[in-house]
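Have a look at the structure below, then the notes.
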Amino acid sequence: MINAILVFNNSGQPRLTKFYTQLTTATATLKPSLSPFSRSRRNQDTSVQQKLISEIFALVSHRPPSACNFLPLPPLLAPPPSSTTTTTTTTTTHDDDTPSLLTYRHYATLYFILISTSTESPLALLDLIQVFVEALDRLFENVCELDLIFNFETLHAVLGEMVVGGVVVETALERVVEGVRAQGR
């Protein structure tokens, strides 16, 4: 399952932030954007999201181009160490919605980042990023950062054709592009 999709520019400014699940941190919880909050709770969650975005950008932006595109979670999202110990041998089970991996690609001036669970194939996530970028490129004819800023509806429509509720539903490039064009965007 995909927990979040983020797109940053080379300066670390977010161009897309989409959270599909509640991401638990050491100090707070990041909730999906559609959940109702009180104003103070929303401000607290926003500051935690901004801190998370800063941490993730710092991780990926300082990596050389030849480095692997898969990273462990930043400290803000890393699960806390277990405080209980047992003397018997037990198997550890993880909640399927627990984020465990960052997958990213850097294209020109943009970083495309996915936070996912261990159930998702990292190579399939790289392919998802590739199809996402190719779909944007076909819709905008040589996409650039300004296209994402001024046509954010199309950006969200492409994402909506590909991922629903954190689950990948479509990766066929032609179907994604046709679906967005059928929406009149």
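In this text, residue positions in the sequence shown follow our numbering: the first is 15, and each later residue adds one.
Note that beta-carbon positions come from the ideal geometry of N, C-alpha and C, so glycine has one too.
Report the rounded CA-to-CA distance for residue i versus residue j, giving the unit in angstroms.
{"i": "THR123", "j": "SER135", "result": "26 angstroms"}
{"i": "ALA186", "j": "THR168", "result": "17 angstroms"}
{"i": "GLU155", "j": "ARG195", "result": "14 angstroms"}
{"i": "PHE71", "j": "ALA18", "result": "14 angstroms"}
{"i": "ARG161", "j": "ASP151", "result": "The amino acid at residue 161 is misidentified as Arg; the sequence shows Asp. If you take the alpha carbons of ASP161 and ASP151, they lie about 10 angstroms apart."}
{"i": "GLN197", "j": "LEU85", "result": "35 angstroms"}
{"i": "GLY193", "j": "ARG119", "result": "24 angstroms"}
{"i": "PHE213", "j": "PRO78", "result": "Not covered by the structure: residue 213. The range shown for the chain is 15 to 199."}
{"i": "GLY174", "j": "ALA81", "result": "30 angstroms"}
Use the C-beta contact count for residue i: other C-beta atoms within 10 angstroms, 16 or more gives buried, fewer gives exposed.
{"i": "GLY179", "result": "exposed"}
{"i": "THR60", "result": "exposed"}
{"i": "GLN63", "result": "buried"}
{"i": "VAL74", "result": "buried"}
{"i": "VAL181", "result": "exposed"}
{"i": "PHE164", "result": "exposed"}
{"i": "LEU137", "result": "exposed"}
Hey, quick one: how far does the beta strand (DSSP E) through residue i stretch, first residue to last?
{"i": "VAL21", "result": "16-23"}
{"i": "PRO113", "result": "113-121"}
From what residue to what residue does the alpha helix (DSSP H) around residue i run?
{"i": "PRO28", "result": "Here PRO28 belongs to no alpha helix (DSSP H); instead the beta strand (DSSP E) covers 28-33."}
{"i": "THR168", "result": "166-176"}
Assuming residue i and residue j form a contact by the criterion Cβ under 8 angstroms, report the distance between their Cβ atoms to the nearest whole angstrom.
{"i": "VAL172", "j": "VAL190", "result": "6 angstroms"}
{"i": "SER130", "j": "THR117", "result": "6 angstroms"}
{"i": "VAL147", "j": "TYR125", "result": "About 11 angstroms; that fails the 8 angstroms criterion."}
Closer than 8 angstroms, CB to CB, is residue i near chain B or not?
{"i": "MET176", "result": "Structure shown: chain B not included; a single protein chain is present."}
Taking 7 angstroms as the cut-off, is the beta-carbon of residue i closer than that to any non-hydrogen atom of the ligand ADP?
{"i": "VAL172", "result": "Absence of the ligand ADP is noted for the structure shown, with no ligands found whatsoever."}
Self-check item: Cβ contact check for the segment 25-36 and the segment 60-76: 3 or more pairs under 8 angstroms
Solution: Because the criterion of three Cβ pairs below 8 angstroms is met, the segment 25-36 and the segment 60-76 touch.
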